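Following: one structure in structure tokens, then a few remarks.
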Amino acid sequence: MAHVMRRQKGIVLVMAMVMIVAVTTVAVSLMSSSSIDLKITNAAQEREMAENQLYGAVQEIISEQQDMKGNLSVFMRTQPQMPGGKIEFTEGKTNNVLTNLNNGPLALRCPRSYGYTEGVVCNMTQLETSVEYGSKSRHRVTVVSGIAQEMLSTSEVN
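Numbering (full-length UniProt numbering), first residue to last: 1 to 158.
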């Protein structure tokens, strides 16, 4: 009987070691999974912050240009006044490209206009705003805004 007891003590030790290895494997797997979840959450948060920064920059640029009067606003420039029909500039951390979609005011209705008024024309421009984010600025998010400005037509004034 003493001989049987010695064998059982060795088996118990081996079984305990196998259980420890199994539990350790499960614990390492769960820790690795939570690490990946944390990285995904941080990436989503960085993208959300970049998008919010972009929307704020677009509103700021439009507000600044709206406060300028007459020909000082880049929104009022014609294609010949813009090299290549575009103006590139940096505002804070954002890169911006302003494109003139027409050669000055066009004799057409502005988008989303419900009541057309005779003598009112539309100047169409496009503002493309981009920001890089993430570690080492590997990612880029871009917002493209169409800007339509109603104005009186100079060709229809007597």
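Beta carbons: idealized from backbone N, C-alpha and C, even for Gly. Keep in mind it's a predicted model, so treat the numbers as computed, not measured.
Reference residue i; option with closest CA among the options
| i | options | result |
| --- | --- | --- |
| E128 | Q66, Y55, D67 | Y55 |
| M124 | V26, S145, R138, N100 | N100 |
| C122 | V18, G146, E91 | G146 |
| Q79 | L152, Q126, T142 | Q126 |
| L152 | V144, V120, R140, V141 | V120 |
| Q149 | V74, H139, R47 | V74 |
| M82 | N102, D67, Q65, Q53 | N102 |
| residue 165 | E118, K86, A43 | The first residue shown for the chain is 1 and the last is 158, placing residue 165 beyond what the model contains. |
Residue i burial status per 10 Å Cβ neighbour count (16 or more: buried)
| i | result |
| --- | --- |
| I61 | buried |
| M76 | buried |
| V157 | Reliability of the predicted coordinates at V157 is poor, the pLDDT of 43 falling under 50, and the value obtained from them is presented with this limitation in mind. Label assigned to V157: exposed. |
| R138 | exposed |
8 angstroms contact criterion, which residue i and residue j should meet: CB distance rounded
| i | j | result |
| --- | --- | --- |
| E88 | A57 | Contact doesn't hold; Cβ gap of about 14 angstroms is too wide. |
| V141 | A22 | That pair is no contact at about 44 angstroms. |
Would the region 92 to 100 count as touching the region 123 to 142 if we require 3 or more Cβ pairs under 8 angstroms?
Contact between the region 92 to 100 and the region 123 to 142 is present: 3 or more CB-CB pairs across the two stretches fall below 8 angstroms.
Please list the segments of the beta strand (DSSP E) lying wholly inside the region 44 to 108, counting only runs of 3 or more residues, in order along the chain.
86 to 91, 94 to 100
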